[in-house]
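Novice: After the structure tokens below, expect a handful of questions from me.
Protein chains: 2
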Amino acid sequence: MRLVLDAMGGDFAPAETVAAAVKYARETNHTVLLVGDEAAVRQELEKHDTANLDLPIIHAADAVGMDEEPAMAVRRKKHNPMVVGMQLVKAGHADAFCSMGNTGAVLTAGHMVFRRIRGVHRAVLTIPFPNAQGLHVFGDVGANSDCRPEWLVQWAHMLAIYAKPVLGIEEPRVAFLANGEEMGKGNQLIKTAQVLMAQRNHLNYIGVVEPKEMMAGQADVVITDGFTGNILVKQSEAVANFIFQILKEEIMAQTRTKVGAALARPAFRAALERLTNREHSAGLLLGLNGLVTVGHGRSKREDIYYALHTTARLVEADVLEKTRNKIESLLHLTASRENVL
Amino acid sequence: MRLVLDAMGGDFAPAETVAAAVKYARETNHTVLLVGDEAAVRQELEKHDTANLDLPIIHAADAVGMDEEPAMAVRRKKHNPMVVGMQLVKAGHADAFCSMGNTGAVLTAGHMVFRRIRGVHRAVLTIPFPNAQGLHVFGDVGANSDCRPEWLVQWAHMLAIYAKPVLGIEEPRVAFLANGEEMGKGNQLIKTAQVLMAQRNHLNYIGVVEPKEMMAGQADVVITDGFTGNILVKQSEAVANFIFQILKEEIMAQTRTKVGAALARPAFRAALERLTNREHSAGLLLGLNGLVTVGHGRSKREDIYYALHTTARLVEADVLEKTRNKIESLLHLTASRENVL
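Chains W and P, in that order, give the protein sequences.
Residue 11 is where the first sequence starts when you use the numbering used here, and the numbers rise one by one after that.
Residue 11 is where the second sequence starts when you use the numbering used here, and the numbers rise one by one after that.
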């Protein structure tokens, strides 16, 4: 397998991206193409033992900063690592592209280079999300702020394909996110999506879930618009940080609680590990003619190493081809129904 | 002051509602009109010392269950405690109405009995929400699933009035919730609301905040649509429960962490107190010709007692009349601008 890693993507690039690539290549014997500033990447590579590893550097110097307006920057800087890296995949030199860089920039570059799969309304950004039972996949988490109901229905089918290799299950339970658990709940978008879904349902579709049920793990695939999804993910992070901050303040207020917390530290660590969900934190931009995975800007080498593993698993599961086939069959279904009408 | 309490509202009514009313009346010497099933309420009252307290019972037997379709139930059961209680306020027999019952039922009854203030596009449900600095007020949290930008702009003005007595500040910082902190971020609704807001701005308007900034306490008033707001509040609760559940599981896994957690227990308790925000948990249905406050269905006597205090504070601050005046002045502003154009 050959994966492209955006060596310049994320807050700790290229040191952490290169370190992750070395670790991953050593373990898997896969090729990792490192795209970025050649001198900077080479300097990092020299810090590691890379004997017998296939880690070619592809020079692309026009870096997109985390603070640049991403769409503009990517369009202006044609020789940036994202565009160059994706072109390698498009030309058949690699199987997938992985980045910890600005999500908006990845979205723009992905659309520019790969374009959408024929019949896909919009590409969707999806991530694995922790719940009380383990994980579910959740999207859209930010690719589309304003959505149409038929997009959500298509994403339900697409995310069900993605959920299988990520969650390791055969018949994922698919639901829409709503502000109540009863059928018919939701805003107009979700209400209409429910009606459309009831019409063409080859999925294990279970209706709507509200956040409590989602966090209880009652669905394997949860679909919402990219505005709500993005805010939900950010609010979840913010609430988690808020709770740990408050706990810390209260713990530091007394000697007794300080001593207690020191003893309980392994439990705090283990809980944080489960929440940060490091092994399954990379998201997927689904619906383009190329596999594009996206990690958090704050990712360290361990996270990036896992992101590469996630990317490889999606290649192995042939998610891209299966998505194309599913969309094709949905189009045929719609066409034949329209012929009947 | 005279407050109406829906004696049958919430999971623990009438025992907890009556106990709260007794405690509140004893402390304030205010009148609390208890609306509900007379026999049941009297039975609860007899368990308390009510000497010198003014706690009249108003019989209204058609209870709305927590599991009934609320709008239907309220319309069908005209003699339910919500409608009867609000009519007492409307007729001038009391200053405000407070309920721990089904929020949808309160919304329907509120609109039926009070109707909207002239010029108000839609009533908005708002609550105080905890953040790292203390509290902000947040709405809409569920009255309107599909919104128009001009509603959000009006709510910004209305919630700024409400924020003053609740937060005890004079010039609340007002923001829209968005999926990014930059000006122009958001879905079409939030983008248009930002443009409208920039046109007629007599507020301390600071633009958009994303969840991280909201939870850091960077705004005193945060406005969103009722679908996003409802889901955000529910997700915050679900994440908090999830974190405490995970922590508990990890703590119970080892003797060392069990001992540590026992010592640290006061810190956990104090943190939970801050999160549950008991003293400021009652929400307000704002925009109707009557003051209607709503508490959580799970409220116990202490919560309901605080909800009555919140209600009284809003009466004292004359939030209803100030809202009417603000809407009136906004209407004049719009009218005069239209004349100019």
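Every residue, glycine too, gets a C-beta built ideally from N, C-alpha and C.
Taking C-alpha atoms, which residue in 28/W, 32/W, 251/W, 58/W lies nearest to residue 46/W?
Specialist: 28/W
Novice: At a Cβ threshold of 8 Å, is residue 261/P touching chain W?
Specialist: yes
Novice: According to a CB-to-CB cut-off of less than 8 Å, which residues of the segment 143-174 of chain W neighbour chain P?
Specialist: 152, 155, 156
Novice: Within a Cβ cutoff of 7 Å, which residues of the same chain sit near residue 220/W, ignoring the five residues on either side of it in sequence?
Specialist: 188, 189, 190, 191
Novice: Would you grab the beta carbon distance between residue 112/P and residue 236/P for me? Rounded to a whole angstrom, and I think it's under 8 Å.
Specialist: The pair is not a contact, with the Cβ atoms about 16 Å apart (cut-off 8 Å).
Novice: Looking at the strands, I want to know which residues DSSP matches up with residue 183/W.
Specialist: Answer by DSSP bridge pairing, in chain order: 214/W.
Novice: Give, in chain order, every residue of the segment 108-122 of chain W whose Cβ lies closer than 7 Å to some Cβ of chain P.
Specialist: none
Novice: Would residue 95/P be called buried (16 or more neighbouring beta carbons within 10 Å of its own) or exposed?
Specialist: So residue 95/P ends up on the buried side.
Novice: For residue 108/P and residue 303/P, which I take to be in contact (beta-carbon distance under 8 Å), what is that distance rounded to the nearest angstrom?
Specialist: 5 Å
Novice: If the criterion is Cβ atoms closer than 8 Å, does the pair residue 65/P and residue 93/P meet it?
Specialist: no
Novice: What residues in the segment 231-243 of chain W bring their beta carbon closer than 7 Å to a beta carbon of chain P?
Specialist: 237, 238, 240, 241, 242
Novice: With a threshold of 8 Å between beta-carbons, can residue 214/P be considered close to chain W, or not?
Specialist: No, its Cβ sits nowhere closer than 8 Å to a Cβ of chain W.
Novice: For residue 139/P, does the three-state DSSP call read helix, strand or coil?
Specialist: strand
Novice: How long is the line joining the alpha carbons of residue 350/P and residue 341/P, rounded to whole angstroms?
Specialist: Its pLDDT being 46, under 50, residue 350/P is placed unreliably in this model, and the value from its coordinates should be taken loosely. Rounded to the nearest angstrom, the two C-alpha atoms are 14 Å apart.
Novice: Specify the secondary structure class of residue 167/P as computed by DSSP and reduced to three states.
Specialist: helix
Novice: Reducing DSSP to helix, strand and coil, say where residue 15/W ends up.
Specialist: strand
Novice: Put residue 200/P into one of helix, strand or coil per three-state DSSP.
Specialist: helix
Novice: Look at the Cβ atom of residue 259/W, then the Cβ atom of residue 288/W, and state whether they are nearer than 8 Å.
Specialist: no
Novice: Assign residue 82/P to one of two classes, buried (16 or more other C-beta atoms within 10 Å of its C-beta) or exposed (fewer than that).
Specialist: exposed
Novice: Which of the three DSSP states is assigned to residue 351/P in this structure?
Specialist: Low per-residue confidence applies at residue 351/P: pLDDT is 40, beneath 50, and the placement is therefore not dependable enough to give any value.
Novice: Buried or exposed: which applies to residue 89/P, given that a residue is buried once 16 or more other Cβ atoms fall within 10 Å of its Cβ?
Specialist: exposed
Novice: What is the C-beta distance between residue 91/W and residue 106/W, in whole angstroms, given that I count them as a contact (C-beta under 8 Å)?
Specialist: About 15 Å; that fails the 8 Å criterion.
Novice: Three-state secondary structure (DSSP) at residue 308/P?
Specialist: Assigned with DSSP and collapsed to three states, residue 308/P falls in coil, not helix or strand.
Novice: Residues in its own chain within less than 6 Å of residue 226/W by CB, not counting five upstream and five downstream?
Specialist: 142
Novice: Please find out if some non-hydrogen atom of the ligand PLP comes closer than 7 Å to the beta-carbon of residue 216/P.
Specialist: Ligands displayed in this structure: none; no statement on the ligand PLP is therefore possible.
Novice: Going by C-alpha to C-alpha distance, which of 98/W, 128/W, 286/W sits closest to residue 247/W?
Specialist: 286/W
Novice: Considering only the alpha carbon of each residue, which of 79/W, 148/W, 122/W lies closest to residue 240/W?
Specialist: 148/W
Novice: Nearest to residue 21/P by alpha carbon, out of 314/P, 299/P, 328/P?
Specialist: 314/P
Novice: Tell me which residues share the same chain as residue 200/P and place their Cβ nearer than 6 Å to its Cβ, disregarding the 5 neighbours each side in the sequence.
Specialist: 186, 188
Novice: Shorter than 8 Å from the beta carbon of residue 339/W to some beta carbon of chain P?
Specialist: Among the CB atoms of chain P, none fall inside 8 Å of the CB of residue 339/W.
Novice: By the three-class DSSP mapping on this structure, what secondary structure does residue 22/P have?
Specialist: Correct three-state label for residue 22/P: coil.
Novice: What does residue 309/P reach in chain W if we use C-beta pairs closer than 9 Å?
Specialist: Per Cβ cutoff of 9 Å: no residues; residue 309/P is ~18 Å from chain W at best.
Novice: Nearest by alpha-carbon distance to residue 124/P: which of 146/P, 233/P, 101/P, 86/P is it?
Specialist: Of 146/P, 233/P, 101/P, 86/P, the residue nearest in Cα terms is 101/P.
Novice: Within the same chain, show all residues whose beta-carbon is closer than 8 Å to that of residue 179/W, passing over the 5 residues directly before and after it, in chain order.
Specialist: 173, 230
Novice: What does the Cβ neighbour count give for residue 97/W, buried or exposed, with the cut at 16 atoms within 10 Å?
Specialist: buried
Novice: Taking 8 Å as the cut-off, does the segment 273-281 of chain P touch the segment 161-168 of chain W (at least 3 CB pairs, one atom from each stretch)?
Specialist: no
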